[in-house]
Structure formats: structure tokens, C-alpha cells
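Asks:
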Amino acid sequence: MKGVVIGGGIVGLSSALELADRGVDVTVCEQGSIGTGSTERSAGGIRAQFSSPINVELSRESMRVWNEFTERFGAEIDYRKTGYLFLARSEETAAAFEERVAMQNDRGVPSEILDPSEACEICSGIDPDQFVAATYSPTDGFADPHLALQAYARAVAAAGVDVRTQTPVTDVIRAGDRDRGDGTGGARVTGVETPDGRLEADIVVNAAGPWAREIAAMADVFLPITPKRRQIAVVQPETAVPETDPLTIDLESGSYFRPDRDGDALVGGHFADNDSASDPDGYARSMDFEWSIDALEAAAEWTTYFGPESAVKRGWAGLYAVTPDDTAIVEETVPGFITAAGFSGHGFQHAPATGQLVAELAVDGEASLLGIDALSSDRFEGTDEEKAAERTERNVV
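Its first residue numbered 493, the sequence shown is counted upward by one per residue in the working numbering.
Dropping the structure here:
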């Protein structure tokens, strides 16, 4: 079996590795260089505290790999399990926390509800008077995306995967009748076109992140995936942030921080009313100065770390590939064409499980690691707003 993976980020490389481990002859087509997409622009979070069961399950299966990453890949990725701390300002959000923690606990996640004083014991820099409740899980944490991506790149090379950088896909080839009259087409995907020629394949994987919608269109498929720009600042706080602090989120404002190195912190959040689509080929990759001030002021409102003597050292911007419900699409969208995209900011942490699911779909014809009906693009059909609201992922920033 021959496979082509479109996208050399961590989801694409994880998919390529799992396919190669199952005996598939894999080629990865990356339009730029490994590490120039979204993966290395993430905050590196790895957590199981999600509001939707499918995201919890993706996290749990991915954590099995993250927990054994050093042994499996022979690489250190600065994986720190200091937890995630979600903070609620309103009783409504606190009530939702109760339901989410119960669901997470049912799936083996050791999350718990905390009152504000207990939350201060986990993160001493927060102002407890501004919050009514929190949730915390000690098995959550974060890792270095650059180190993890490079470890995957070495692993796919050792597995014999042909990684072609500077190789954009210019078309997706479908053989036979491309139109069944139902808007999906009936022809199987049989390969891709590149500037260097056609690559024949039994399976093509769309792991193109912010470009996934464009790649799908080449196969006459519509996917509701929109690139949204997000920013991160590296801050030298007035008071050093302990390395033992969790990644801490004021959920209702969207402001968050996590410890970095030497007392510094990564600070993020989206504060603008406008959240329009970005051009993945033309967005600004540098941090906006005005945004950095807003982010620092937002963090200063609910913590004691970011006083007036804090300084923004540097920062960057990247893209979330966002679906309407902030949850990924993982499926065989049309015969021979597997989608693994739309992770809405969670692609880094969910990459290990996603790679396994892609390989199962390609080789076995169905997923067995976990049930993936909730990841089908069919969920966006129809207009049932109540059901759409129920499945929307709420624990996002």
C-alpha cells in the first residue's frame, strides 16, 4: 500500500509514522520546511480536561504516548506535568465545571473541583476573590513543541518515510465519476499532483492544518475549517512564576499563562471582538505590540505576578484550524481520502492518538483505538442548534 500525507506538522508526521509502522510506503508532502507551520507556534499544552467526551478520549490515548515519549523516541521534550487549572468567575460556569469533572472522572481523568482558596494552594499567584470555583488535574501539563516535532521527524526518517519539503500539493486526483449528484462525488482519491509530478497513492491523508480546507477543495470536498490567528507573549513577570505552577486559565476572559523558564511565563488569550479568518499564506507571524499590552494587562487583573515592572520579551503568532464546534475532523471523508484536521488549537496534544486512528482507517478500514463517530464531518449537516451547542468544546482558549 502506498500513502501520501499532506502536511509535515506533528499530526502529519504522527500519521506517517503509524502508517509506516503498519507497512505502508509513505511519502510526506510539506509545502515549506518541517516546523514552519502551526506546531512550533503552539503553547505545547497536553491535557485531558475537556468538556466533550471525544476530546477527553483523544487526550487519554495520546497521553499514553506522551508518558512514554522519552523511552519510545529516545528524546527529551521538557514534558512537565504541573497540571491545568481552570478558573470560573460565575456560578453558571462553576455549575458546568461539576458536569465536566464528573464526565472526565468517568473516563479515568483525576480532575477535581476546587474552591478558590484550594486553587491558591495550586497556584499562589491568583487572586481568589475574583473566582468562585476551579478545576484541576495533576496529570495535565505541557511539553516543548519544537523538541517533540523534531523527535517525530527523526522517527519517520528512521522508518523509511520519504519526507519531501518545499513540495506543495497542487491537486488531489480522483479517478472515475466525480459527481454522484449528492455533492460528495463518488470517485476514489488515487494520488496527488505536485510541482515535481504526480504521486500515486492508495490513501491520501489531509493533515494540512490551516490549509486543510483548501486541500479538501482539491478533492471536491467542503470542510468547515477556518484558520484563526492566535498570539503568545514571552513575559518577564514582576514576580517570577514558579516552574511548579500549572497552566492557568481564566476561562471566562480567555486569559491564560504558564511557566516558561527562569521565572518567565508564556501569556496568551484572544480579546478582540473580531475573529475573522486569516490567510494561512499571508498572515502576520510576529506578535502585535498592542495585543501584548492587552494580554499582559488581562493577566495582571487576576494574578499577582504581572505587575507594572513586567516586560514583554518577545512573542509570535500562529494559526488555529477551527471547526464550528472546536473539535477535530478525523474520518475517511471520501474513498481514499482521510481527513485529520480542524483541531482548533489541540492538534499538538492529540497528534499521537490521531496518527493511530489514521493508520487504522487506512489499513483496517475502520478505527478501533476509540469510537470516532463524533469526529465525522457529517455532524455539521442540518440546523439543530441545540445539538450543536451540546457538542461544542467549551474548555478552549
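All C-beta atoms, glycine included, are put in the ideal place defined by N, C-alpha and C.
Of all the options Asp-654, Leu-867 and Glu-801, which has the alpha carbon lying nearest to the alpha carbon of Ala-833?
Replies: Leu-867
Asks: CA-CA distance, Val-664 and Val-624?
Replies: 51 Å
Asks: For Arg-592, which beta-bridge partners are listed by DSSP?
Replies: BP columns for Arg-592 are empty, so no partner.
Asks: Return yes when the Cβ of Phe-840 is within less than 8 Å of the Cβ of Ile-546, no when it is not.
Replies: no
Asks: How far does the alpha helix (DSSP H) with Thr-562 in it reach, from first residue to last?
Replies: 561 to 565
Asks: In this structure, how does DSSP classify Pro-545 when only helix, strand and coil are distinguished?
Replies: helix
Asks: Take the Cβ of Gly-675 as the centre, count every other Cβ of all protein chains shown within 10 Å, and call the residue buried at 16 or more, exposed below.
Replies: Model confidence at Gly-675 stands at a pLDDT of 46, short of 50, so the residue's coordinates are unreliable and nothing is read from them.
Asks: Among Gly-566, Ala-708 and Tyr-628, which has the Cα closest to the Cα of Glu-590?
Replies: Tyr-628
Asks: Helix, strand or coil, according to DSSP, for Ile-498 in the structure here?
Replies: strand
Asks: Which residues does DSSP pair with Trp-794 in a beta bridge?
Replies: BP columns for Trp-794 are empty, so no partner.
Asks: Taking C-alpha atoms, which residue in Glu-801, Pro-637, Ala-512 and Ala-790 lies nearest to Ala-650?
Replies: Ala-512
Asks: Mind checking who Gln-728 pairs with in its DSSP beta bridge?
Replies: Paired residue(s): Ala-803.
Asks: Buried or exposed, going by whether 16 or more other CB atoms sit within 10 Å of the CB of Phe-542?
Replies: buried
Asks: Tell me whether Ala-611 is buried or exposed, calling it buried when 16 or more other Cβ atoms sit within 10 Å of its Cβ.
Replies: buried
Asks: Would you call the stretch 747 to 762 and the stretch 728 to 738 in contact, with 3 or more CB pairs under 8 Å?
Replies: yes
Asks: Bridge partners of Lys-720, per DSSP?
Replies: Note: Lys-720 sits in a beta bridge opposite Tyr-812.
Asks: Could you tell me the boundaries of the beta strand (DSSP E) in which Leu-758 lies?
Replies: Looking at the DSSP string, the run of the beta strand (DSSP E) that includes Leu-758 is 757 to 760.
Asks: Can you tell me whether Ile-821 is buried or exposed, with buried defined as 16 or more other CB within 10 angstroms of its CB?
Replies: buried
Asks: Candidates Leu-811, Ala-626 and Ser-506: which alpha carbon is nearest Phe-565's?
Replies: Checking every option, the nearest Cα to that of Phe-565 belongs to Ser-506.
Asks: Going straight from the alpha carbon of Val-653 to that of Val-518, what length do you get?
Replies: 5 Å
Asks: Can you tell me the Cβ-Cβ gap for Gly-828 and Val-697, rounded? I've got them flagged as a contact below 8 Å.
Replies: That pair is no contact at about 10 Å.
Asks: For Glu-568, count neighbouring Cβ atoms within 10 angstroms of its own Cβ and tell me buried if that reaches 16, exposed if not.
Replies: With fewer than 16 other Cβ atoms from the protein chains shown falling within 10 Å of its own Cβ, Glu-568 counts as exposed.
Asks: From the DSSP output, read off the bridge partner residues of Glu-824.
Replies: Ile-830
Asks: In or out: Asp-619 buried (at least 16 other Cβ within 10 Å) or exposed?
Replies: exposed
Asks: Taking Cβ to Cβ, would you say Val-895 is nearer than 8 Å to Gly-500?
Replies: The structure shown does not extend to residue 895, since the chain is modelled only from 493 through 889, so no value can be given for it.
Asks: Can you check whether the CB of Arg-721 is closer than 8 Å to the CB of Leu-811?
Replies: yes
Asks: Can you find the residues in the same chain that come closer than 8 Å, C-beta to C-beta, to Leu-861, ignoring five residues on each side of it along the sequence?
Replies: Excluding its 5 nearest sequence neighbours in each direction, Leu-861 has C-beta neighbours in its own chain below 8 Å: Glu-553, Ala-845, Gln-848, Leu-849 and Glu-852, listed in chain order.
Asks: Can you tell me whether Arg-672 is helix, strand or coil according to DSSP?
Replies: Residue placement at Arg-672 cannot be trusted, given a pLDDT of 41 that sits under 50; what the coordinates show is reported in the next sentence. Coil at Arg-672, not helix or strand.
Asks: Name the one or two DSSP bridge partners that Val-900 has.
Replies: Within the shown structure, residues of the chain are numbered from 493 to 889, placing residue 900 beyond reach of any answer.
Asks: Report the partner residues of Asp-896 according to the DSSP bridge assignment.
Replies: Given a span of 493 to 889 for the chain in the structure shown, any question on residue 896 remains unanswerable.
Asks: Is the CB-CB distance between Ser-770 and Gly-807 below 8 Å?
Replies: The answer is no: Cβ separation not under 8 Å.
Asks: Report all residues from its chain with a CB closer than 7 Å to the CB of Ser-544; omit the five preceding and five following residues, and keep chain order.
Replies: Thr-819, Arg-883 and Glu-885
Asks: Under 8 Å, do Ser-778 and Gln-728 count as touching if we go by C-beta distance?
Replies: No, they are not a contact pair.
Asks: Is Arg-750 helix, strand or coil by DSSP?
Replies: strand
Asks: For Pro-628, write down the residues that DSSP places opposite it in a beta bridge.
Replies: Sequence check: residue 628 is Tyr here, not Pro. Beta-bridge partners assigned by DSSP to Tyr-628: Leu-577 and Glu-604.
Asks: Among Gly-524, Val-661, Ser-616 and Ile-538, which residue has its Cα nearest to the Cα of Phe-561?
Replies: Ile-538
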